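Going down the list, the protein sequences come from chains A and B.
If you're matching positions, the first sequence starts at 1 in the numbering used here and goes up one per residue.
If you're matching positions, the second sequence starts at 1 in the numbering used here and goes up one per residue.
Glycine included, each C-beta is placed from N, C-alpha and C at the ideal position.
None of these values were measured; they are calculated from a predicted model.
What follows is one structure encoded as C-alpha cells, with my remarks underneath.
Number of protein chains: 2
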Amino acid sequence: MSSERPLTDDLGFLLSRASGAVARSVSAALGPLGLRVRSYSVLALAVEHDTGVTQRSLAAVVGLDPSQVVALVDELQDRGLVERAADPNDRRNRLVRPTAEGRRVFAEAHRLVTEQDDRHFAQVPPERLEAFRDVLRRVAFPGA
Amino acid sequence: MSSERPLTDDLGFLLSRASGAVARSVSAALGPLGLRVRSYSVLALAVEHDTGVTQRSLAAVVGLDPSQVVALVDELQDRGLVERAADPNDRRNRLVRPTAEGRRVFAEAHRLVTEQDDRHFAQVPPERLEAFRDVLRRVAFPGA
DNA sequence: TATTGTTATACTCTATAACTATA
DNA sequence: TATAGTTATAGAGTATAACAATA
Numbered sequence: 001m002s003s004e005r006p007l008t009d010d011l012g013f014l015l016s017r018a019s020g021a022v023a024r025s026v027s028a029a030l031g032p033l034g035l036r037v038r039s040y041s042v043l044a045l046a047v048e049h050d051t052g053v054t055q056r057s058l059a060a061v062v063g064l065d066p067s068q069v070v071a072l073v074d075e076l077q078d079r080g081l082v083e084r085a086a087d088p089n090d091r092r093n094r095l096v097r098p099t100a101e102g103r104r105v106f107a108e109a110h111r112l113v114t115e116q117d118d119r120h121f122a123q124v125p126p127e128r129l130e131a132f133r134d135v136l137r138r139v140a141f142p143g144a
Numbered sequence: 001m002s003s004e005r006p007l008t009d010d011l012g013f014l015l016s017r018a019s020g021a022v023a024r025s026v027s028a029a030l031g032p033l034g035l036r037v038r039s040y041s042v043l044a045l046a047v048e049h050d051t052g053v054t055q056r057s058l059a060a061v062v063g064l065d066p067s068q069v070v071a072l073v074d075e076l077q078d079r080g081l082v083e084r085a086a087d088p089n090d091r092r093n094r095l096v097r098p099t100a101e102g103r104r105v106f107a108e109a110h111r112l113v114t115e116q117d118d119r120h121f122a123q124v125p126p127e128r129l130e131a132f133r134d135v136l137r138r139v140a141f142p143g144a
C-alpha cells in the first residue's frame, strides 16, 4: 500500500512551499519601503517600460486580474512612485510610468529582493540555477 | 539605465507565477471531489501515515499554521475522509487517520493531481525534472 | 461590438493572539 | 513551563460580474 511517491515529491506542492517561503521573506524585506511582492512587481515593470505601460499589459505579465492592478497602481500613485499619463494614440489607455522617486525606491527594493533570492538559492550551484530558471519560465509562461 | 535583469527573470517572481498556475489548475481539477490543494495535501499526508499523524506534524510539513490545520481536518472529517483518534501515549495529541473512503478519494485525487502536474511539465525533458525537483526541495525545506 | 479601466463584492488564504487541556 | 489543539479575528490575495468611456 502507498507505494506512491510522497507528497513532498509532488512538484505542485514543492512549488507552493518554495514560492511561499520566498514571497514571505521578500515581502518582509520590502516592508520598510512600504512595498510587498505584488506592488514591487508592478513598480518593476513600470521602471522597465520607462515610456509607460498599459495596465492591461501589466496585468498580463504579473498574472493578475486588471481590477487588481487598478488598486496596486492606485497605491503606488498615492505614494508618488508612479503616475498615470494619457495615451495620445488611444484615449482608453492610462500609461503607467515611474516617477524619479519611483526609480529610486525601486533600485533599493531591487537590491533587497536580490538579497533574499540569493539567500534562498545559496545552496544551489550557480550552474544549475539557469536550468532551474528555464524550467520555471516554461511552467509560468506556457505560451512563450 | 535599467541594465538590470527584467522581472521575468526573477526567481521569486517566476516561482510565484508557476506555483499559482499549477495550484489553480489542480484546485479546479479537484473541484468535483470537493477538495482543494490544501485539503488534498492534508489528506495525502494522512494516507501516507496510515497509523495516524499529529496535527502539529501535519502543519509543519504542509507549511501551515496549526490553527489552519484544525479547519482543514474538520472539513475532511465532516466529509468522512479522515478521523481523529486518541493517542494513548500523549492525550494532548489527536491522531489524524484516513478512513477507507478517504483512501479511495485520495487515490482518485492523486490521479487527477498527477495529470495536471504532467500537463504543466510536459515541455520539460524528464531528465531535467529530477534536478528541478531537487532545487525546489532545497528552497522549500532549507533545513533538510 | 470589442476593449480599457474601474467599482463592488465575495471567497480563499495567511497571520496572530489568546484560551484549554495535557505534559 | 512548555506543547497540542482550538477559537476568533483581521488582513492579504484571488476571482467574478457589471459598468462607463473609448475604439
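Residue 109/B holds the alpha-carbon nearest to the alpha-carbon of residue 32/B among 134/B, 121/B, 109/B and 116/B.
Residue contact check for residue 55/A against chain B: no CB pair falls below 8 Å. Contact of residue 36/B with chain A is not assigned, every C-beta pair being separated by 8 Å or more. Residues of chain A whose Cβ lies closer than 9 Å to the Cβ of residue 11/B are, in chain order, 22, 117, 120, 121, 129, 132, 133 and 136.
Selection 142/A, 39/A and 70/A evaluated against residue 95/A yields 70/A as nearest (Cα-Cα). In the structure shown, the three-state DSSP call for residue 84/B is strand. Against residue 101/A, chain B offers no close residue; the least beta-carbon distance is about 16 Å (beta-carbon pairs closer than 8 Å). One thing to note: residue 121/B has its Cβ no nearer than 8 Å to the Cβ of residue 45/A. Measuring C-alpha to C-alpha distances from residue 22/B to each of 80/B, 113/B and 81/B identifies 113/B as the nearest. DSSP places residue 66/A in the uninterrupted alpha helix (DSSP H) bounded by 66–78. Residues of chain B whose Cβ lies closer than 7 Å to the Cβ of residue 63/A are, in chain order, 17 and 20. Taking a C-beta distance under 8 Å as the contact criterion, residue 97/A and residue 83/A qualify as a contact pair. Under the DSSP definition of a beta bridge, residue 98/A partners with 82/A.
DSSP places residue 114/B within a helical segment (H, G or I) once states are collapsed to three. Here residue 53/A carries a strand assignment [DSSP, helix/strand/coil]. Residue 5/A carries a coil assignment under DSSP once its states are collapsed to helix, strand and coil. Here residue 91/A carries a coil assignment [DSSP, helix/strand/coil].
Taking C-beta atoms as the reference points, residue 14/A and residue 133/B count as a pair closer than 8 Å. If you draw a straight line from the Cα of residue 59/B to the Cα of residue 65/B, it comes to about 6 Å. Under the Cβ criterion of 8 Å, residue 6/A is counted among the residues facing chain B. Taking CB atoms only, residue 30/A has no neighbour in chain B less than 8 Å away.
The three-state reading of DSSP puts residue 121/B in coil, since its state is none of H, G, I, E or B. In the structure shown, the three-state DSSP call for residue 35/A is coil. Between residue 81/A and residue 102/A a beta carbon distance of about 4 Å is seen, short of the 8 Å cut, so the two are scored as contacting. For residue 14/A, the chain B residues whose Cβ falls inside 7 Å of its Cβ are 133, 136, 137 and 140, in order along the chain.
For residue 44/B, the neighbours in chain A by C-beta distance under 7 Å run, in chain order, 7. Contact annotation for residue 124/B against chain A: 135 and 138 [CB-CB distance below 7 Å, chain order]. Interface criterion met: the Cβ of residue 41/B is under 8 Å from a Cβ in chain A.
For the C-beta of residue 26/A, the chain B residues within less than 7 Å are, from N- to C-terminus, 12.
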